[in-house]
Amino acid sequence: MSDVTHGTDHVGTGCPTCDAAGGRLAASGPRLATVKLQARGEDFRIVQLRGQLLVCAQQHGSCCCGWDDKGRMPFDPQALWGDEWERRKIRNRLHLTFTGCLGPCAVGNNALLVLHGRSIWLKDLNQPDLASVVYDWIESMLAAGRILPPPERLKDHVYERFLPPPDHAYEPLVSMAEAFGDGLDRLDPVCLMEVDLRTARHTAEYAGRIIAFCAPSCRKQFLADPSAYLNA
Ligand code: FES
5 MSDVTHGTDH
15 VGTGCPTCDA
25 AGGRLAASGP
35 RLATVKLQAR
45 GEDFRIVQLR
55 GQLLVCAQQH
65 GSCCCGWDDK
75 GRMPFDPQAL
85 WGDEWERRKI
95 RNRLHLTFTG
105 CLGPCAVGNN
115 ALLVLHGRSI
125 WLKDLNQPDL
135 ASVVYDWIES
145 MLAAGRILPP
155 PERLKDHVYE
165 RFLPPPDHAY
175 EPLVSMAEAF
185 GDGLDRLDPV
195 CLMEVDLRTA
205 RHTAEYAGRI
215 IAFCAPSCRK
225 QFLADPSAYL
235 NA
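In the numbering used here, the protein residues as written are 5 to 236.
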């Protein structure tokens, strides 16, 4: 653990973490892709992801998915989807959300995968082993950086619910060009919570820089496999 205090007050000390040109953290090395947003008059940094998996679940307000008496496979969302999501260490690339009704109730259990800018609908997830198959497919697409055809086991579970987009180029709704930090100067890379590098009690040195954590458990997880938590 380190008791070094990094940030604007640490400029000019020869620290490899803080550069000499105005207190900005070094631009090279490990980082998290983040976007700076304002809410309620405050600045926040939100990690930019590759995608999000939304799973319709009875415990979160579904009307059919997960209902045994309606012929769907009952499941514990955390045990079936959450624990494996954590185990695979993909939190900073893919967010997992349990939802109420997604719409196509008749073909539930349903999930919606948004990945690499595409919406992928999954239906009839009524065998517990399908969760692992879905995650295997997601991980292969994260590694490839593009959408891949579904594996044989999922071919009958994937369908197109949305009409194709109009034929024109992608247009961002707002400009996100503003540069700032590298994410790791303000975020715990494991849980993605805000943490102040200058005052953090739990830190570790990695690739020539100091990384802060909210708790010893996050620090321990990071040190066991740092590359799993750095997405850019
Ligand atoms: S209850 Fe799951 S899609 Fe409607």
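Even for Gly, the Cβ is constructed at its ideal location relative to N, Cα and C.
Pairing residue 39 with residue 52 gives a Cβ-Cβ distance under 7 angstroms.
The three-state reading of DSSP puts residue 164 in coil, since its state is none of H, G, I, E or B. Taking all protein chains shown into account, residue 44 has fewer than 16 neighbouring C-beta atoms within 10 Å of its C-beta and is therefore exposed.
For residue 134, the secondary structure class from DSSP, reduced to helix, strand or coil, is helix.
Pairwise C-beta distances place the segment 160-179 out of contact with the segment 60-79, as fewer than three of them are shorter than 8 angstroms. Under DSSP, residue 123 takes part in a beta bridge, and its partners are 118. Not one heavy atom of ligand 1 is found less than 6 angstroms from the C-beta of residue 55.
Between ligand 1 and the CB of residue 106, the shortest heavy atom gap is smaller than 6 angstroms. Within the same chain, Cβ atoms closer than 7 angstroms to the Cβ of residue 66 are found at 60, 104 and 105, the five residues on either side in sequence being excluded.
For residue 206, same chain residues with a beta-carbon under 8 angstroms away, outside a window of 5 residues either side, are 5, 216, 217, 218, 219, 220, 222 and 223 in chain order.
For the 7 angstroms CB-CB criterion, residue 144 and residue 152 form a contact. In the DSSP assignment, residue 60 is bridged to 103.
Looking at the DSSP output, residue 226 sits in no beta bridge, so it has no partner there. When the five nearest sequence neighbours on each side are left out, the beta carbons in the same chain lying within less than 8 angstroms of the beta carbon of residue 121 are those of 174, in order along the chain. Between residue 90 and residue 139, the gap from beta carbon to beta carbon reaches 7 angstroms or more. Sequence-distant Cβ neighbours of residue 131 in its own chain, meaning closer than 8 angstroms and more than five residues away, are 77. Proximity to residue 100 across 123, 85 and 147 peaks at 85, based on C-alpha coordinates. At least one heavy atom of ligand 1 is found less than 6 angstroms from the C-beta of residue 112. Setting aside the 5 residues that flank it on each side, residue 72 is surrounded in the same chain by 78, each with a C-beta closer than 8 angstroms to its C-beta; the list follows chain order. Using a cutoff of 6 angstroms, the CB of residue 66 counts as near ligand 1, since one of the ligand's heavy atoms is closer than that. In this structure, DSSP gives residue 74 a helical state, which the three-state scheme calls helix.
Assignment of residue 158 by DSSP, reduced to helix, strand and coil, places it in the helix class. With contacts defined as CB atoms closer than 7 angstroms, residue 146 and residue 54 qualify as a contacting pair. Inter-residue distance for residue 163 and residue 64 is about 24 angstroms (C-alpha atoms, whole angstroms).
If the five residues before and after residue 123 are omitted, its C-beta is found closer than 6 angstroms to the C-beta atoms of 166, all from its own chain and listed in chain order.
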